[in-house]
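Each residue of the sequence shown is one higher than the last, beginning at 42 in the working numbering.
In this text, a Cβ means the ideal position worked out from N, Cα and C, and glycines have one as well.
Please read these numbers as outputs of a predicted model, since none were measured by experiment.
To start, the structure under review is shown below, and the notes come after it.
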Amino acid sequence: MAGDDERYNSAGRLRGSVYDAEMERLQEQLVLLQYWIQSQGLKVLVIFEGRGTAGKGGVIKRITERTSPRTVRIAALPRPTDRERTQWYFQRYVEHLPAAGEMVLFDRSWYNRSNVEWVMGFCTEDEHQEFLRSCPEFERMLVRSGIVVLKYWFSVSAEEQLRRFEARNDEPLKRWKLSDMDLAERELYVRYSMAKDTTFRYTDIKQAPWWVVPSDDKRASRLNCITHLLSQFDYEDVAPPRVVLPEVRDIPYVRPPAHDQTFVPQVF
42 MAGDDERYNS
52 AGRLRGSVYD
62 AEMERLQEQL
72 VLLQYWIQSQ
82 GLKVLVIFEG
92 RGTAGKGGVI
102 KRITERTSPR
112 TVRIAALPRP
122 TDRERTQWYF
132 QRYVEHLPAA
142 GEMVLFDRSW
152 YNRSNVEWVM
162 GFCTEDEHQE
172 FLRSCPEFER
182 MLVRSGIVVL
192 KYWFSVSAEE
202 QLRRFEARND
212 EPLKRWKLSD
222 MDLAERELYV
232 RYSMAKDTTF
242 RYTDIKQAPW
252 WVVPSDDKRA
262 SRLNCITHLL
272 SQFDYEDVAP
282 PRVVLPEVRD
292 IPYVRPPAHD
302 QTFVPQVF
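Right, here's the structure in full:
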């Protein structure tokens, strides 16, 4: 496909001009989807998983760039607290699930248990097995309750992941993105593959299937993911009509002089 037309460069990657034009169009559609979700009272949960550098954060950023954070919000949970570690595993995620008229984007999710935690030894084998048993039932419960569950796995090759890690390492302003967990993930690439394959074997269910997004070409992966997300809804244009801005009320009031305030220096 990459060599079929002029949308791609000599390396087979999508050209920036094509990407920019299509992203602008898709972001307009995401705003229309947002209005539709609000008007229909839909509850939408979108899970983004995958290896480090696979592009999860990039697509989430583009989805939320023009939408309202009141309707389309991100759930990116930190490490569990000591108290949360004693809770039912799914408990801390439940409070972030969407209510009517909301779409929640999980930047990583409960699948930490069957991927990072299992690979790094942060959970026991019994906890891992229990997750694989209970996760499909948990997600079926969500679907039966009326939540639309979409799960995207961003897939990046070992070669491309190495290139992205090296790019972070070469750029001082991006080096903060290269964590100890990233270094371990690089070293344990094969074990992470095992974790992903095991996760899919148990949790790729009919009610909430996994959708794999090849992401070696970041631009193409973002467009493909958003296009698929939009295709899952038979939405209509219910954007509100243009409003009439009211005139400012004439209320007797004398403001204090501007020189009483402290302004930032006018550098520009």
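Straight-line Cα distance separating residue j from residue i
{"i": "D258", "j": "M64", "result": "15 Å"}
{"i": "M182", "j": "K192", "result": "15 Å"}
{"i": "A141", "j": "Q79", "result": "8 Å"}
{"i": "C176", "j": "D245", "result": "10 Å"}
{"i": "C164", "j": "T268", "result": "36 Å"}
{"i": "M42", "j": "N265", "result": "Note that M42 has pLDDT 47, beneath the 50 cutoff, so the model's placement of it is unreliable and the number below is only indicative. Distance between the alpha carbons of M42 and N265: 14 Å."}
{"i": "H87", "j": "A117", "result": "Note on identity: in this sequence residue 87 is Val, with His being the wrong assignment. Their Cα atoms are separated by approximately 12 Å."}
{"i": "L173", "j": "P121", "result": "20 Å"}
{"i": "R54", "j": "S272", "result": "24 Å"}
{"i": "L146", "j": "R107", "result": "14 Å"}
{"i": "E288", "j": "K97", "result": "45 Å"}
{"i": "H300", "j": "R283", "result": "38 Å"}
{"i": "R216", "j": "D291", "result": "55 Å"}
{"i": "V59", "j": "L270", "result": "20 Å"}
{"i": "H169", "j": "F89", "result": "20 Å"}
{"i": "V231", "j": "E166", "result": "18 Å"}
{"i": "R48", "j": "D61", "result": "12 Å"}
{"i": "F304", "j": "S109", "result": "30 Å"}
{"i": "R103", "j": "D278", "result": "20 Å"}
{"i": "E201", "j": "G162", "result": "26 Å"}
{"i": "L229", "j": "P306", "result": "51 Å"}
{"i": "S256", "j": "R66", "result": "20 Å"}
DSSP three-state assignment for residue i, whether helix, strand or coil
{"i": "M42", "result": "Unreliable placement is indicated for M42, whose pLDDT of 47 sits below 50; no coordinate value is reported for it."}
{"i": "K84", "result": "strand"}
{"i": "W252", "result": "strand"}
{"i": "E143", "result": "strand"}
{"i": "V184", "result": "helix"}
{"i": "E65", "result": "helix"}
{"i": "A116", "result": "strand"}
{"i": "G91", "result": "strand"}
{"i": "D167", "result": "helix"}
{"i": "Y276", "result": "coil"}
{"i": "W129", "result": "coil"}
{"i": "D291", "result": "coil"}
Assumed close pair residue i, residue j - CB separation to whole angstroms, cut-off 8 Å
{"i": "F195", "j": "A95", "result": "4 Å"}
{"i": "F206", "j": "D223", "result": "6 Å"}
{"i": "D148", "j": "I101", "result": "6 Å"}
{"i": "A236", "j": "W159", "result": "6 Å"}
{"i": "E226", "j": "G93", "result": "5 Å"}
{"i": "V197", "j": "G91", "result": "7 Å"}
Chain-order list of residues whose beta-carbon lies under 8 Å from that of residue i (same chain, five-residue window excluded)
{"i": "V184", "result": "V190, Q248, A249"}
{"i": "H137", "result": "A116, L118, V145, F147"}
{"i": "N210", "result": "R216, L219"}
{"i": "G82", "result": "A141, G142"}
Heavy atom of the ligand NAP within 7 Å of residue i beta-carbon
{"i": "W252", "result": "Ligands in the displayed structure: none, and consequently the ligand NAP is not present."}
Cut-off 7 Å between Cβ atoms - residues of its own chain near residue i, not counting five sequence neighbours on either side
{"i": "Y276", "result": "L73, L74, W77"}
{"i": "P139", "result": "K84, V85, L86, V145, I188"}
{"i": "T240", "result": "Y152, S155, N156"}
Contacting residues, own chain, Cβ-Cβ under 6 Å from residue i (five flanking each side not counted)
{"i": "Q70", "result": "L271"}
{"i": "V253", "result": "W194, S196"}
{"i": "Y243", "result": "L173"}
#### Entry: Validate contact between the stretch 62-76 and the stretch 102-117 using beta carbons, cut 8 Å, 3 pairs
yes
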